[in-house]
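Q: Residue numbers for the first sequence follow the numbering used here, beginning at 118 and rising by one.
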Amino acid sequence: MLVPKITTLLNRSLTAKQLKQLHGFILVHGLDGLIIRHLITSQPNYSQTIAHYLQLILHHSNQPDVDSATSAMRYFCKHGGFHEAFSLYVGLQRSGVSPSTFAVASALKACARLGNRKGGIMIHGQVHRYGFCGDVYVETALVGVYVKLGDMETARKVFDEMSERNVVSWNSMMDGYLRSGSLSMAEVFFNGMPDKDVVSWNSMVSGYLRTGDMEKALRLFQEMPERNQTSWNAMISGYVECGKLDLARSFYNSMPQRNTISCITMIAGYSKCGDIVSARELFDEMGKKDHLLYNAMITCYTKNSRPKEALQLFDEMLQPNVNVQPDKMTLATVISACSQLGDLSFGSWIYKLYMNQMGITMDDHLCTALIDLYAKCGSIDEAFKLFHKLHKKDVVAYTAMILGCGINGKEQIAIKLFDEMMESKIRPNLVTFSGLLTALSHVGMVEESYHCFNSMKRYGLVPTPDHYSLMVEILGRAGRLEEAHNLIKSMPMQPHGGVWGALLLACSTHNDVELGEIAAKHCFELEADCSGYGSLLANIYAGVGRWEDAKRLRKSIHEKGLVKVPGSSWMDHVHE
DNA sequence: CTAGGGTTAG
118 MLVPKITTLL NRSLTAKQLK QLHGFILVHG LDGLIIRHLI TSQPNYSQTI AHYLQLILHH
178 SNQPDVDSAT SAMRYFCKHG GFHEAFSLYV GLQRSGVSPS TFAVASALKA CARLGNRKGG
238 IMIHGQVHRY GFCGDVYVET ALVGVYVKLG DMETARKVFD EMSERNVVSW NSMMDGYLRS
298 GSLSMAEVFF NGMPDKDVVS WNSMVSGYLR TGDMEKALRL FQEMPERNQT SWNAMISGYV
358 ECGKLDLARS FYNSMPQRNT ISCITMIAGY SKCGDIVSAR ELFDEMGKKD HLLYNAMITC
418 YTKNSRPKEA LQLFDEMLQP NVNVQPDKMT LATVISACSQ LGDLSFGSWI YKLYMNQMGI
478 TMDDHLCTAL IDLYAKCGSI DEAFKLFHKL HKKDVVAYTA MILGCGINGK EQIAIKLFDE
538 MMESKIRPNL VTFSGLLTAL SHVGMVEESY HCFNSMKRYG LVPTPDHYSL MVEILGRAGR
598 LEEAHNLIKS MPMQPHGGVW GALLLACSTH NDVELGEIAA KHCFELEADC SGYGSLLANI
658 YAGVGRWEDA KRLRKSIHEK GLVKVPGSSW MDHVHE
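1) For S625 versus N603, is the C-beta spacing smaller than 8 Å?
2) Take E528 and list the residues in its own chain whose beta-carbon comes closer than 8 Å to its own, dropping the five residues that flank it on each side.
3) If you follow the alpha helix (DSSP H) that P582 is in, where does it begin and where does it stop?
4) May I have a chain-ordered list of the alpha helix (DSSP H) segments no shorter than 4 residues that lie completely inside the segment 486–512?
5) Would you list, in sequence order, the uninterrupted alpha helix (DSSP H) runs of no fewer than 4 residues that lie entirely inside the segment 551–635?
6) Can you list, in chain order, the residues of its chain whose CB lies under 8 Å from that of S652, leaving out five sequence neighbours each side?
7) What distance in whole Å lies between the Cβ atoms of L643 and W617, which are believed to be in contact at a cut-off of 8 Å?
8) Ignore the nearest five residues each way along the sequence and tell me which others in L458's own chain have a CB closer than 8 Å to its CB.
9) The alpha helix (DSSP H) spanning Q474 covers which residue range?
10) By how many angstroms is the C-alpha of M352 removed from the C-alpha of S747?
11) Under 8 Å, do T416 and S388 count as touching if we go by C-beta distance?
12) Counting only runs that start and end within the segment 181–212, where is the alpha helix (DSSP H) found for 4 or more residues in a row?
13) Ignoring anything shorter than 4 residues, give me the alpha helix (DSSP H) runs that lie fully in the segment 382–435, in order along the chain.
14) Which residue's Cα is closest to the Cα of Y254: K265, R282, C228, L632?
15) Comparing alpha-carbon positions, which option in M475, N473, I467 lies nearest A486?
16) To the nearest whole angstrom, what separates the beta carbons of G386 and A365, a pair I think is in contact under 8 Å?
17) Please classify V316: does DSSP put it in a helix, a strand, or coil?
18) DSSP state of M118, grouped into three classes?
19) So, under 8 Å CB-CB, L553 and C569 are touching, yes? Tell me the CB distance rounded to an integer number of Å.
20) Would you identify the three-state DSSP class for V322, choosing helix, strand or coil?
21) Return the chain-ordered list of same chain residues with a C-beta closer than 7 Å to the C-beta of A601, the five sequence neighbours on each side being excluded.
22) Under 8 Å between the Cβ atoms of A186 and A227?
23) N473 and G495 look like a contact to me (Cβ under 8 Å); what is the Cβ gap, rounded to whole Å?
24) Taking the alpha-carbon of L409 as reference, which of M403, S607, R336, I381 has the nearest alpha-carbon?
25) Does the pairing of the segment 244–252 with the segment 206–214 give three or more beta-carbon distances under 8 Å?
26) Assign N571 to one of two classes, buried (16 or more other C-beta atoms within 10 Å of its C-beta) or exposed (fewer than that).
27) Short of 7 Å in beta carbon distance, which residues of its chain neighbour D114, apart from the five on each side in sequence? Order them along the chain.
28) If you measure between the beta carbons of Y515 and T549, is that distance less than 8 Å?
29) Taking only three categories from DSSP, how would you classify F307?
30) Let me know the secondary structure DSSP gives M341 once reduced to three states.
31) Are the beta-carbon atoms belonging to N350 and I384 less than 8 Å from one another?
32) Comparing C-alpha positions only, which one of I635, H627, G355, T581 sits nearest to Q611?
33) Within 10 Å of its beta-carbon, does C390 have 16 or more other beta-carbons around it, so buried, or fewer, so exposed?
34) Just curious, the alpha helix (DSSP H) that T275 is in, first and last residue?
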């Protein structure tokens with residue numbers, strides 16, 4: 118009998134090749150549940166491989182071993198393989214083998230995480246049939262399913278009928294009420310719990326944080342009998358959420374032991390308010406950096422239009438002495454950096470070679486990033502190919518395509534895509550309208566643009582200065598300068614330099630001195646670096662033959678950075 | 001075994 122020989126093998130760490138041989142052996146000599154279970158627990162590095170082998174084996178076996186299947190299900194559940202876990206359970210069902218309570222609990226967890234209503238209800242029925250109703254774990258898992266499905270009524274019913282409950286059962290119910298927004302019911306459960314653990318406290322604290330009630334959250338945090346990293350991290354993320362970065366930072370500084378998540382939360386917070394220096398400081402302070410931390414920092418750079426730094430950091434993580442494995446998120450972010458730079462070669466290297474080499478498969482996020490890259494770099498056909506490959510076309514994907522068509526001279530297709538999107542009942546957002554207006558601006562379709570701009574409020578969208586800027590550009594190109602000026606004056610918010618800049622540019626192509634001076638005045642007031650605007654105004658002067666004024670303006674920009682326009686006292690504006 | 005915190009694309 119060769120089984121003893123295998124069991125001795127198991128206590129050593131095996132190479133992938135040895136494992137494959139072992140698998141062949143198991144296939145030939147039949148399946149032994151004990152061995153499989155032992156394999157999964159004793160070989161953490163290869164447990165995924167083993168679990169997959171097991172899946173295969175079960176598929177071909179008509180008498181699968183319940184215990185080994187359960188081990189595999191638990192493994193998959195722990196590592197996010199909920200589909201695999203569920204299909205293993207279905208496999209057991211199909212071969213008519215009675216599952217264990219463990220298998221049922223795992224399968225229920227998988228259904229909860231997948232939002233698989235049908236599966237959850239099916240297993241609920243089986244729980245009765247197998248007489249697993251008295252099992253706390255099974256019933257708690259059942260509560261978990263209904264909580265995750267948002268069905269608090271059924272969850273409550275299951276909970277009420279339980280003969281025995283533990284902390285987790287209570288916590289699940291409380292979590293469910295918090296998720297469904299019933300803060301008061303959650304409080305009732307929190308106060309009614311026979312005993313609370315850290316999770317109970319943490320859940321309640323983050324419940325208050327979600328509703329923005331920082332006072333109650335803080336009070337509860339201070340009352341906690343014991344705090345763990347999650348408690349601290351929740352507070353940090355709460356303060357980040359409401360923009361109180363300094364308070365978030367003081368919690369970060371005073372927590373006894375920080376982890377990667379604490380750091381990522383802070384970096385994301387700094388990223389949101391544009392403080393990349395502080396973000397980088399925290400990043401550098403971390404001793405051990407994983408790919409999630411790298412992702413956060415790289416994202417911070419791309420979100421703040423620093424694609425070069427983003428790529429530098431990506432390069433750093435690939436260095437042999439660092440050797441941090443990137444994942445899909447890393448690549449999606451890095452590709453976004455490439456499209457900001459217009460670097461098609463690096464981006465497509467990732468797509469065509471690197472992904473293959475690393476065994477990273479495409480998902481819709483990644484695909485959308487690539488669509489944007491190819492579209493921005495002029496390869497609109499390639500972008501379309503990728504667009505058709507998407508499993509689910511969402512706003513972001515449509516927006517990328519619309520903008521891509523717009524900047525590649527395919528305005529009609531951009532409009533068609535927008536209509537198609539409407540028909541699919543996908544709600545456009547602010548970025549979508551920027552893309553559409555950009556497309557329209559290239560063909561000078563003024564009435565269409567007005568229509569588009571005005572339709573924004575139908576979707577509950579308030580145009581941003583950028584949208585006004587695009588409208589000004591469109592009107593300006595059509596020579597409707599006065600109309601553009603009036604549009605700016607009608608803006609409910611302070612226009613930024615770009616809005617007036619768009620008008621100034623239009624004035625320069627149409628040689629309108631009077632309006633040009635007004636626009637330039639605002640530009641000078643709103644932006645630190647005015648040399649570009651100054652030159653535009655000088656061009657207008659030159660265009661109408663006011664050579665002296667043009668010359669003087671150019672000279673003043675060049676020499677002292679002092680913008681002084683003849684005959685206009687409001688131009689006495691000093692710049693550094 | 002069951003529950004809790006962070007990061008991706010326009």
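Every residue gets a Cβ at the ideal spot worked out from N, C-alpha and C, and that includes glycine.
A: Once the coordinates are examined:
1) no
2) So the qualifying residues of the chain are C522, A556, L557, H559, V560, M562.
3) 582–594
4) As far as the segment 486–512 is concerned, its whole alpha helix (DSSP H) runs of at least 4 residues are 497–506.
5) 563–572, 582–594, 598–606, 614–626
6) R671, I674
7) Sure, about 7 Å apart at Cβ, within 8 Å.
8) P424, K425, L428
9) 472–475
10) Residue 747 lies beyond the residue range present for the chain, which begins at 118 and ends at 693; the question has no answer from this structure.
11) Yes, these two residues count as a Cβ contact at 8 Å.
12) 183–195, 199–211
13) 393–402, 408–420, 424–435
14) Ranking K265, R282, C228, L632 by Cα distance to Y254 puts R282 first.
15) I467
16) About 6 Å separates the Cβ atoms of G386 and A365, confirming a contact at the 8 Å cut-off.
17) helix
18) Here M118 scores only 43 on pLDDT, less than 50, and its place in the model should not be relied on; the value that follows carries that caveat. Three-state result, M118: coil.
19) 6 Å
20) helix
21) Here the set comprises V589, L592, G593, L620, A623.
22) no
23) At roughly 24 Å, the Cβ-Cβ gap does not stay under 8 Å, so N473 and G495 are not in contact.
24) I381
25) Touching, no.
26) exposed
27) With the chain running from 118 to 693 in the structure shown, residue 114 is simply not present.
28) yes
29) helix
30) Of the three classes helix, strand and coil, the one that applies to M341 here is coil, per DSSP.
31) no
32) Among I635, H627, G355, T581, the Cα nearest to that of Q611 belongs to T581.
33) exposed
34) The sequence shown places Val at residue 275, rather than the Thr named in the question. Looking at the DSSP string, the run of the alpha helix (DSSP H) that includes V275 is 269–278.
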